[in-house]
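Colleague: Line by line, the protein sequences give chains A and B. When you number the first sequence by the working numbering, it's gap-free, plus one each residue, and the end is 251. When you number the second sequence by the working numbering, it's gap-free, plus one each residue, and the end is 502. The C-beta atom is built at its ideal place from N, Cα and C for all residues, glycine as well. Predicted model, so just to flag it, every value in this text is computed and none were measured. Structure in structure tokens, see below.
There are 2 protein chains.
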Amino acid sequence: MVDLKALRLKNITLAKKLVRESVSPDLFIINAVNNVEDLQRVQNSLGKRLREWYSLYFPELDKRISNNEEYISHLLKGDKAALLKEFNVSDGMGADLKGPELDEIKELATSIRSLYDEERRLVGYLEKTMKEYCPNTAAVAGGLIGAKLLRGAGSLKKLAMMRSSTIQLIGAEKALFRHIRTGARPPKYGYLLQHLLVQKAGKDTRGKIARALADKIFIAARIDYFKGEFKGDELLKEVEVKLENENRKTQ
Amino acid sequence: MVDLKALRLKNITLAKKLVRESVSPDLFIINAVNNVEDLQRVQNSLGKRLREWYSLYFPELDKRISNNEEYISHLLKGDKAALLKEFNVSDGMGADLKGPELDEIKELATSIRSLYDEERRLVGYLEKTMKEYCPNTAAVAGGLIGAKLLRGAGSLKKLAMMRSSTIQLIGAEKALFRHIRTGARPPKYGYLLQHLLVQKAGKDTRGKIARALADKIFIAARIDYFKGEFKGDELLKEVEVKLENENRKTQ
Chain A
1 MVDLKALRLK NITLAKKLVR ESVSPDLFII NAVNNVEDLQ RVQNSLGKRL REWYSLYFPE
61 LDKRISNNEE YISHLLKGDK AALLKEFNVS DGMGADLKGP ELDEIKELAT SIRSLYDEER
121 RLVGYLEKTM KEYCPNTAAV AGGLIGAKLL RGAGSLKKLA MMRSSTIQLI GAEKALFRHI
181 RTGARPPKYG YLLQHLLVQK AGKDTRGKIA RALADKIFIA ARIDYFKGEF KGDELLKEVE
241 VKLENENRKT Q
Chain B
252 MVDLKALRLK NITLAKKLVR ESVSPDLFII NAVNNVEDLQ RVQNSLGKRL REWYSLYFPE
312 LDKRISNNEE YISHLLKGDK AALLKEFNVS DGMGADLKGP ELDEIKELAT SIRSLYDEER
372 RLVGYLEKTM KEYCPNTAAV AGGLIGAKLL RGAGSLKKLA MMRSSTIQLI GAEKALFRHI
432 RTGARPPKYG YLLQHLLVQK AGKDTRGKIA RALADKIFIA ARIDYFKGEF KGDELLKEVE
492 VKLENENRKT Q
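Right, dumping it as structure tokens:
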């Protein structure tokens, strides 16, 4: 007779082992990207609160500095008289706050600043991991964008199996479904819009550059998945040349 | 002829002065309460991410500890073997993570922990400020709940002008309007539900205790606004006695 209990235990042990081994770099990368985006969301919402609060004291600063990190570093310098001079405000509308109030505001600012540091660290980790795990994709798309594409696909394997037209639109799902549902204009790029080369392209050629990039990422992801040789720089170079040609045409 | 330019300048100076002086403790309190709530929201969303991430390594811990801060302090202790033993897990399903991955997770955990510290500081500040600004309200409602009531009203002045039935429902606006719109059951308490005495009351008497509290807060806010003598402890005592009587009745 088969010992069912022993068999069951063996099965469970095996299943646990499989679960344990199913954790791949894909998951780290996806988690890290999610965290980066969450940190950014949190920085923005706490930053808004900070501005609201500090504006009781120094309302003029809010409009002068739109970047949150810069705002925080000015705030933490702390000498209002010097700041008023620096921003050329002769007759400030802010109230005179007492020490304890200002201390609270500064504590909050310090907390937010540490979230920015944490984000930078995490992006650094992400770029390092991407370079190790999929060097070609990272070289063409960049670490952060590559990681977002990977998350959109679900894993490197799935990304490597995608068509380039699909890669081009990862991150534009909402616009794509709006297009399908309502016939609105189809999107030309998703996360790739954040890519430096797409940013550098003129408005009319952005779609083309995004497509060229997607074509190369398509190749890069396959090389990475099948552990081929590093060709990332070459692939990126080709897109750069294309961008130059396009720019020359439009001039 | 009137010198219009000089008049205009004078007007602007006066207006700026008025703006400057319009900043009252009400605004600090409202800002601080908003910040506390934002910090809590942020802690929760980052905490969820952290759990997701750390669960790759140690999935069993997630279900065992529901409190985020406790989870973080266990995570930062860091010795998985000891933790497995502590929680009596013989055959963990978590993957073996390398140093860099674990470091990232710990960094995130440390960031979140500092947000908890920041929240505690801010609540401390809030309670101190409330005690100075409206000692009676703070004594009856408690610092944090009192601050939320004050925010709901808009200022201490407005809170002092409210009827106690309105005070009772601050924080329950959604339920109140649902009641008005659809005829659903009216709410019995808003922020006051968080009050220790309401928590201590049985389900059937909570409404009564909330009303009694609102009655006393109504008096307390008026004493605070008109700078009367401190009677907060007495007022709170009366509600405590009422709670005891109610509890005796139901036994």
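Mind checking residue 50(A): buried by the 16 CB within 10 Å criterion, or exposed?
Modeller: Residue numbering aside, residue 50(A) sits at position 50 when the first sequence is read from its first letter. With 16 or more other Cβ atoms within 10 Å, it is buried.
Colleague: For residue 343(B) and residue 333(B), what's the separation of their Cα atoms in angstroms?
Modeller: As a first step, residue 343(B) must be located in the second sequence, where it is residue number 92. As a first step, residue 333(B) must be located in the second sequence, where it is residue number 82. C-alpha separation (whole angstroms): 12 Å.
Colleague: Please give me, in chain order, every unbroken run of the alpha helix (DSSP H) with length at least 4 that falls completely inside the region 35-110 of chain A.
Modeller: 59-64, 68-77, 80-86, all fully within the region 35-110 of chain A.
Colleague: Would you give the residue range spanned by the alpha helix (DSSP H) that residue 164(A) belongs to?
Modeller: As a working note, residue 164(A) is residue 164 in the first sequence. Note, residue 164(A): alpha helix (DSSP H), 164-169.
Colleague: Closer than 7 Å, CB to CB, is residue 267(B) near chain A or not?
Modeller: Translated into the one-based positions of the second sequence, residue 267(B) becomes position 16. At least one chain A Cβ lies under 7 Å of residue 267(B).
Colleague: Excluding sequence positions up to five away, which residues of its chain have a Cβ less than 6 Å from the Cβ of residue 130(A)?
Modeller: Within the first sequence, residue 130(A) is the residue found at index 130, counting from 1. Hits under 6 Å: 138, 143, 146, 147.
Colleague: Taking C-beta pairs closer than 7 Å, name the residues in chain A that residue 271(B) reaches, listed in chain order.
Modeller: Residue numbering aside, residue 271(B) sits at position 20 when the second sequence is read from its first letter. Near residue 271(B) (Cβ distances below 7 Å), the residues of chain A are 93, 94, 95.
Colleague: What in chain B is Cβ-close to residue 28(A), meaning under 7 Å?
Modeller: Position 28 of the first sequence holds residue 28(A). Result: 352.
Colleague: Report the residue from 160(A), 171(A), 172(A) whose alpha carbon sits nearest the alpha carbon of residue 26(A).
Modeller: Against the first sequence, residue 26(A) aligns to sequence position 26. For the residues 160(A), 171(A), 172(A), the minimum Cα distance to residue 26(A) belongs to 160(A).
Colleague: Could you tell me which chain B residues have their CB closer than 7 Å to the CB of residue 52(A), listed as they occur along the chain?
Modeller: Position 52 of the first sequence holds residue 52(A). In chain order: 282.
Colleague: Could you tell me the boundaries of the alpha helix (DSSP H) in which residue 199(A) lies?
Modeller: The sequence position of residue 199(A) within the first sequence is 199, counting from 1. That run of the alpha helix (DSSP H) goes 196-200.
Colleague: In the DSSP assignment, find the unbroken alpha helix (DSSP H) run with residue 428(B) in it and report its ends.
Modeller: Reading the second sequence from its first residue, position 177 is the one you call residue 428(B). Its alpha helix (DSSP H) spans residues 424-433.
Colleague: Can you pull the chain B neighbours of residue 42(A), defined as C-beta to C-beta under 8 Å?
Modeller: Here residue 42(A) refers to the residue found at position 42 when the first sequence is read from its first residue. Chain B residues near residue 42(A): 293, 296, 297.
Colleague: What is the DSSP secondary structure of residue 190(A), reduced to helix, strand or coil?
Modeller: In the first sequence, the residue the question calls residue 190(A) occupies position 190. If DSSP states are grouped into helix, strand and coil, residue 190(A) belongs with coil.
Colleague: Compute the distance between the beta-carbons of residue 475(B) and residue 385(B), then report whether it is under 7 Å.
Modeller: Sequence index remark: in the second sequence, residue 475(B) carries index 224 (1-based). Sequence index remark: in the second sequence, residue 385(B) carries index 134 (1-based). Yes, the Cβ-Cβ distance between residue 475(B) and residue 385(B) is below 7 Å.
Colleague: Look at the alpha carbon of residue 449(B) and the alpha carbon of residue 495(B), and state the distance between them as a whole number of angstroms.
Modeller: To locate residue 449(B), count along the second sequence from 1; it is residue 198. To locate residue 495(B), count along the second sequence from 1; it is residue 244. Between residue 449(B) and residue 495(B), the C-alpha separation is close to 12 Å.
Colleague: Does the pairing of the region 367-381 of chain B with the region 427-441 of chain B give three or more beta-carbon distances under 8 Å?
Modeller: Counting Cβ pairs under 8 Å, fewer than three are found: no touch.
Colleague: Could you tell me whether the Cβ atoms of residue 56(A) and residue 95(A) are closer together than 7 Å?
Modeller: By 1-based counting over the first sequence, the position of residue 56(A) is 56. By 1-based counting over the first sequence, the position of residue 95(A) is 95. Yes.
Colleague: Residue 233(A) by DSSP, collapsed to three states: which one?
Modeller: As a working note, residue 233(A) is residue 233 in the first sequence. Note: residue 233(A) maps to helix in three-state DSSP.
Colleague: At a cut of 8 Å, does the region 450-463 of chain B reach the region 485-500 of chain B through at least three beta carbon pairs?
Modeller: Short answer: they touch.
Colleague: List the residues of chain A that residue 406(B) touches, going by C-beta distances under 7 Å, in chain order.
Modeller: Numbered from 1 along the second sequence, position 155 holds the residue referred to as residue 406(B). Chain A residues near residue 406(B): none, gap ~14 Å exceeds 7 Å.
Colleague: Taking a Cβ distance cut-off of 9 Å, strictly less, list which residues of the region 59-82 of chain A are near chain B, in chain order.
Modeller: Those would be 59, in chain order.
Colleague: Check residue 224(A) in the structure and name its three-state DSSP category.
Modeller: Taking the first sequence and counting its residues from 1, one reaches residue 224(A) at position 224. Residue state, collapsed to three classes: helix.
Colleague: Just reading off the alpha helix (DSSP H) that residue 259(B) is part of, what are its end residues?
Modeller: Walking along the second sequence from the start, residue 259(B) turns up at place 8. Its alpha helix (DSSP H) spans residues 255-272.
Colleague: Strictly below 8 Å CB to CB, what residues from chain A border residue 475(B)?
Modeller: By one-based count along the second sequence, residue 475(B) stands at place 224. The contacting residues do not exist; residue 475(B) stays about 19 Å from chain A at best.
Colleague: Thinking C-alpha only, which one of 46(A), 217(A), 153(A) is nearest residue 236(A)?
Modeller: The count along the first sequence starts at 1 and reaches residue 236(A) at position 236. Cα-wise, what sits closest to residue 236(A) is 217(A).
Colleague: Would you mind reading off the limits of the alpha helix (DSSP H) that contains residue 388(B)?
Modeller: As a working note, residue 388(B) is residue 137 in the second sequence. Residues 386-392.
Colleague: Name the chain A residues whose beta carbon is nearer than 8 Å to that of residue 359(B)?
Modeller: Counted from its first residue, the second sequence places residue 359(B) at position 108. Chain A residues near residue 359(B): 35, 118, 122.
Colleague: Report, in whole angstroms, the separation of the C-beta atoms of residue 362(B) and residue 38(A), which I expect to be a contact under 8 Å.
Modeller: If you number the second sequence from 1, residue 362(B) lands on position 111. If you number the first sequence from 1, residue 38(A) lands on position 38. Rounded, the Cβ-Cβ distance is 11 Å, inconsistent with contact.
Colleague: Taking only three categories from DSSP, how would you classify residue 405(B)?
Modeller: The count along the second sequence starts at 1 and reaches residue 405(B) at position 154. Coil.
Colleague: Helix or strand or just coil, what does DSSP make of residue 365(B)?
Modeller: In the second sequence, the residue the question calls residue 365(B) occupies position 114. Of the three classes helix, strand and coil, the one that applies to residue 365(B) here is helix, per DSSP.
Colleague: Any beta-carbon of chain A closer than 7 Å to the one on residue 376(B)?
Modeller: Position 125 of the second sequence, counted from the first residue, corresponds to residue 376(B). With 7 Å as the cut-off, residue 376(B) counts as an interface residue toward chain A.
Colleague: Looking at the structure shown, is residue 161(A) part of a helix, part of a strand, or coil, going by DSSP?
Modeller: Here residue 161(A) corresponds to residue number 161 of the first sequence, with the count starting at 1. Residue 161(A): coil per DSSP, three-state reduction.
Colleague: For my contact list, residue 28(A) and residue 352(B) are in at a C-beta cut-off of 8 Å; report their separation, rounded to the angstrom.
Modeller: In the first sequence, counting from the first residue as 1, residue 28(A) sits at position 28. In the second sequence, counting from the first residue as 1, residue 352(B) sits at position 101. Confirmed, Cβ separation roughly 6 Å.
Colleague: Is the shortest distance between the beta-carbon of residue 193(A) and the beta-carbons of chain B less than 7 Å?
Modeller: By one-based count along the first sequence, residue 193(A) stands at place 193. It does not; no Cβ of chain B falls within 7 Å.
Colleague: Between residue 67(A) and residue 87(A), what straight-line distance do the alpha-carbon atoms span, to the nearest angstrom?
Modeller: By 1-based counting over the first sequence, the position of residue 67(A) is 67. By 1-based counting over the first sequence, the position of residue 87(A) is 87. Approximately 15 Å between the Cα atoms of the pair.
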